[in-house]
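Engineer: Residue numbers (the numbering used here), protein chains in the order written: chain C, 160 to 458; chain P, 278 to 551.
1) I'd like to know whether the C-beta of residue 291 of chain C is nearer than 8 Å to at least one C-beta of chain P.
2) Per DSSP, what are the beta-bridge partners of residue 217 of chain C in this structure?
3) Just to make sure I have the definition right: I need the residues of chain P whose C-beta is within less than 8 Å of the C-beta of residue 316 of chain C. Which are they?
4) Taking only beta carbons into account, state which residues of the segment 502-522 of chain P come closer than 8 Å to chain C, listed in chain order.
5) I'd like to confirm the pairing. Which residues does DSSP put opposite residue 339 of chain P in its beta bridges?
6) Is residue 496 of chain P buried or exposed, if buried means 16 or more other CB atoms sit within 10 Å of its CB?
7) Counting only beta-carbon separations shorter than 8 Å, does residue 331 of chain P have a partner in chain C?
8) Can at least three beta-carbon pairs, one atom from the segment 419-431 of chain C and one from the segment 338-352 of chain C, be found at a separation below 8 Å?
9) Quick one: measure Cβ to Cβ for residue 486 of chain P and residue 352 of chain P, integer angstroms, because I've assumed they're closer than 8 Å.
10) How would you label residue 418 of chain C, buried or exposed, when you count the other beta carbons within 10 angstroms and need 16 or more for buried?
11) Kindly list, in the order they appear in chain C, the residues whose Cβ is closer than 7 Å to that of residue 531 of chain P.
12) Per DSSP, what kind of secondary structure is residue 328 of chain P in: helix, strand or coil?
13) Return the residue from the list P:475, P:518, P:403 that minimises the CA-CA distance to residue 213 of chain C.
14) Any heavy atom of the ligand SAM within a distance shorter than 7 Å of the CB on residue 406 of chain C?
15) In this structure, does DSSP put residue 315 of chain P in helix, strand or coil?
16) Once you ignore the five residues that flank residue 293 of chain C on each side, which residues in its own chain have a CB closer than 8 Å to its CB?
17) Any beta carbon from chain C within less than 8 Å of residue 399 of chain P's own beta carbon?
18) Curious, which full-length alpha helix (DSSP H) runs of at least 4 residues does the segment 409-486 of chain P contain?
19) For residue 427 of chain P, return the contacting residues in chain C, with the cut-off set at a CB-CB distance below 8 Å.
20) With three or more C-beta pairs closer than 8 Å as the rule, is the segment 385-393 of chain P touching the segment 429-443 of chain C?
21) Determine which residues of the segment 356-379 of chain P have a Cβ less than 8 Å from any Cβ of chain C, and write them out in chain order.
22) Helix, strand or coil: how does DSSP classify residue 307 of chain P here?
23) Any beta-carbon of chain C closer than 8 Å to the one on residue 493 of chain P?
24) Buried or exposed: which applies to residue 277 of chain C, given that a residue is buried once 16 or more other Cβ atoms fall within 10 Å of its Cβ?
25) So, helix, strand or coil for residue 290 of chain P, using DSSP?
26) Within 10 angstroms of the Cβ of residue 174 of chain C, are there 16 or more other Cβ atoms? Answer buried if so, exposed if not.
27) Report yes if the C-beta distance between residue 295 of chain C and residue 285 of chain P is below 8 Å; otherwise report no.
28) Is the segment 312-324 of chain P touching the segment 516-531 of chain P, taking contact as three or more C-beta pairs under 8 Å?
29) Quick one: which chain C residues come within Cβ less than 8 Å of residue 488 of chain P?
30) Looking at the unbroken alpha helix (DSSP H) that takes in residue 508 of chain P, where does it start and where does it end?
31) With respect to the alpha helix (DSSP H) encompassing residue 314 of chain C, which residues constitute its N-terminal and C-terminal limits?
32) Where do the N-terminal and C-terminal ends of the alpha helix (DSSP H) with residue 303 of chain C fall, by residue?
33) To the nearest angstrom, how far is the alpha carbon of residue 274 of chain C from that of residue 267 of chain C?
34) Quick one: list the residues of chain P neighbouring residue 343 of chain C, beta-carbon separation under 9 Å, in chain order.
35) By the DSSP assignment, the alpha helix (DSSP H) with residue 240 of chain C in it spans what residues?
36) Please compile the residues from chain A whose C-beta is within a distance smaller than 7 Å of the C-beta of residue 322 of chain P.
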């Protein structure tokens with residue numbers, strides 16, 4: 160193989176060029192093959208299983224009859240009131256989480272970008288640490304803080320606000336998700352804002368623009384790719400969240416992720432669970448594709 | 278680009294400063310409190326009752342946590358090793374070669390990152406429910422490791438690709454002009470250059486494997502646990518100080534991995550500076 164490359168290097172006739180091109184193609188394919196095959200077997204094929212199961216029927220014993228395809232599970236998505244409530248709640252809490260993350264992260268990311276480089280890098284490292292820290296543990300920490308007689312209720316009691324119930328509420332879930340996903344918002348926002356020529360902001364001020372005006376007409380439009388990337392990175396895992404609502408939420412604050420898991424581990428209605436997870440996945444893919452189509456590429 | 282910085286002044290600056298302080302407080306206060314309470318001699322997990330190491334002792338003596346920890350480490354190491362090899366090869370193929378089906382492969386490689394955990398868990402549950410029956414695989418170590426590899430390959434390949442993209446492929450060509458074989462050129466030129474990327478990818482894969490709850494919970498067999506799944510089960514049954522201690526052990530493990538990744542990251546940036 161190598162000898163051929165050297166010949167090509169010396170006399171690049173069209174035939175040799177063609178042969179070399181073919182050789183490179185084959186080599187590339189062979190290198191990609193192990194991962195390619197692996198993902199086809201352990202990812203694409205399982206995906207097909209979900210689609211097949213979503214059209215199947217649950218039998219009386221909690222098993223699944225694959226014969227006799229039907230749309231019952233998808234129909235139930237629109238007729239089941241509980242599903243409607245859970246879907247609406249999941250969408251609302253995911254949206255709320257995304258907006259809160261954006262509001263917290265934007266000024267923070269902006270401030271970070273105005274610092275000298277050494278300070279900036281250090282600030283970045285301290286955002287990365289929670290990002291890498293075990294997600295389950297980070298959620299559990301809030302369980303300890305928000306719990307009965309925990310630090311937070313002790314503080315409020317000390318301040319004379321009386322005992323409050325924090326755990327097992329939607330507020331606790333949103334708090335946990337904001338805590339868990341905030342780095343996903345900070346990092347792309349920072350990447351986008353840092354890239355902006357800050358001279359443009361000065362120019363806006365020189366031309367008698369107010370702070371608000373230069374934010375609205377200069378900073379915000381230029382940082383839009385970061386805003387969109389961060390929002391998707393927070394919204395997507397929030398919508399499918401399972402661990403956070405299980406640890407911090409209660410029976411009355413069930414979310415889509417937990418509802419899907421219930422279908423498999425407790426209710427044993429696999430077809431319905433498959434349909435639900437297929438819908439969840441479709442929403443995610445649509446969101447991501449819209450983002451890429453809109454031309455944003457800085458993920 | 279970063280030469281001219283519009284420095285916020287006065288009240289704006291103080292507000293931003295205060296806000297950033299609050300963000301860091303928000304990030305770190307819960308973690309620090311958790312560490313403190315893991316040494317607290319009180320049955321209530323959120324109440325201070327004097328210093329004790331009892332919960333760590335209980336962790337050391339509980340065979341359930343020990344088994345789960347050992348399982349996690351084994352699965353983490355095996356899945357990292359495999360996904361690093363497959364992910365690096367994929368990254369090289371995508372960055373350096375054109376081949377038939379490249380675009381499909383590229384898209385397929387992104388999907389495990391975009392797809393929600395729960396959906397991937399469902400996919401693999403249904404898949405292994407069938408496959409385990411056909412091929413006689415016992416659910417547990419094998420199914421969990423295979424699943425972790427399935428989502429780690431993508432993350433490794435992204436990190437390695439980022440490294441490759443910033444690299445001049447003329448270096449490898451130069452080596453071959455000097456009569457190095459293709460393998461020698463790879464071994465002595467390309468591989469050392471992308472090593473920080475590979476290490477970064479490996480640490481990410483390890484972290485993801487040690488973090489995963491949802492997928493593992495779905496593909497595991499009866500009586501087979503990893504540490505996060507074990508802890509998650511404990512939390513659902515009710516919090517105990519033992520969980521505080523186990524959580525801190527997991528916290529220290531993640532911090533260790535962060536420290537390692539920062540070191541390799543530093544090596545990476547000092548490399549590119551020269």
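Beta carbons: idealized from backbone N, C-alpha and C, even for Gly.
Structural biologist: Once the coordinates are examined:
1) Yes, residue 291 of chain C counts as interfacial toward chain P.
2) In the DSSP output, where bridge partners are listed per residue, residue 217 of chain C has C:223.
3) The premise fails here: residue 316 of chain C is roughly 12 Å from chain P at the closest Cβ pair, so nothing lies under 8 Å.
4) Residues 505, 508, 509, 512, 513, 516, 520, 521.
5) Beta-bridge annotation (DSSP): residue 339 of chain P is not paired with any residue.
6) Answer is buried; the Cβ neighbour count reaches 16.
7) At a cut-off of 8 Å between C-beta atoms, residue 331 of chain P does not count as an interface residue with respect to chain C.
8) No, the segment 419-431 of chain C is not in contact with the segment 338-352 of chain C.
9) Contact between residue 486 of chain P and residue 352 of chain P holds: CB atoms are separated by about 6 Å, below the 8 Å threshold.
10) It is buried - the Cβ of residue 418 of chain C has at least 16 other Cβ atoms within 10 Å.
11) When 7 Å is used as the limit between beta carbons, residue 531 of chain P is near these residues of chain C: 291, 292, 293, in chain order.
12) Strand.
13) Nearest of P:475, P:518, P:403 to residue 213 of chain C, Cα basis: P:403.
14) Here there are no bound small molecules, and the ligand SAM is not part of this structure.
15) Note: residue 315 of chain P maps to coil in three-state DSSP.
16) So the list is empty, once near-sequence residues are dropped.
17) Yes, because at least one Cβ of chain C sits closer than 8 Å to the Cβ of residue 399 of chain P.
18) Segments of the alpha helix (DSSP H) lying fully in the segment 409-486 of chain P: 418-442, 447-454, 459-462.
19) Residues of chain C passing the Cβ test: 197, 198, 201, 202.
20) The segment 429-443 of chain C vs the segment 385-393 of chain P: in contact.
21) Residues passing the 8 Å Cβ filter: 362, 363, 364, 366, 367, 369, 370, 371, 373, 374, 375, 376, 377, 378, 379.
22) Three-state DSSP puts residue 307 of chain P in a helix.
23) Closer than 8 Å to the CB of residue 493 of chain P there is not a single CB belonging to chain C.
24) Result: exposed.
25) Helix, per DSSP.
26) Classification for residue 174 of chain C: exposed.
27) Cβ atoms of residue 295 of chain C and residue 285 of chain P: not closer than 8 Å.
28) Flag = yes, the segment 312-324 of chain P and the segment 516-531 of chain P touch.
29) Counting only Cβ-Cβ distances below 8 Å, residue 488 of chain P has contacts in chain C at 293, 294, 295, in chain order.
30) Per DSSP, residue 508 of chain P belongs to the alpha helix (DSSP H) from 504-514.
31) Start and end: 310-317.
32) From DSSP, the alpha helix (DSSP H) with residue 303 of chain C extends over 294-305.
33) Rounded to whole angstroms, residue 274 of chain C to residue 267 of chain C spans 11 Å at the Cα level.
34) Listed along the chain, the chain P residues whose CB falls inside 9 Å of the CB of residue 343 of chain C amount to none; the nearest CB is some 12 Å away.
35) Here the alpha helix (DSSP H) through residue 240 of chain C covers 240-273.
36) The structure shown contains no chain A; its protein chains are C and P.
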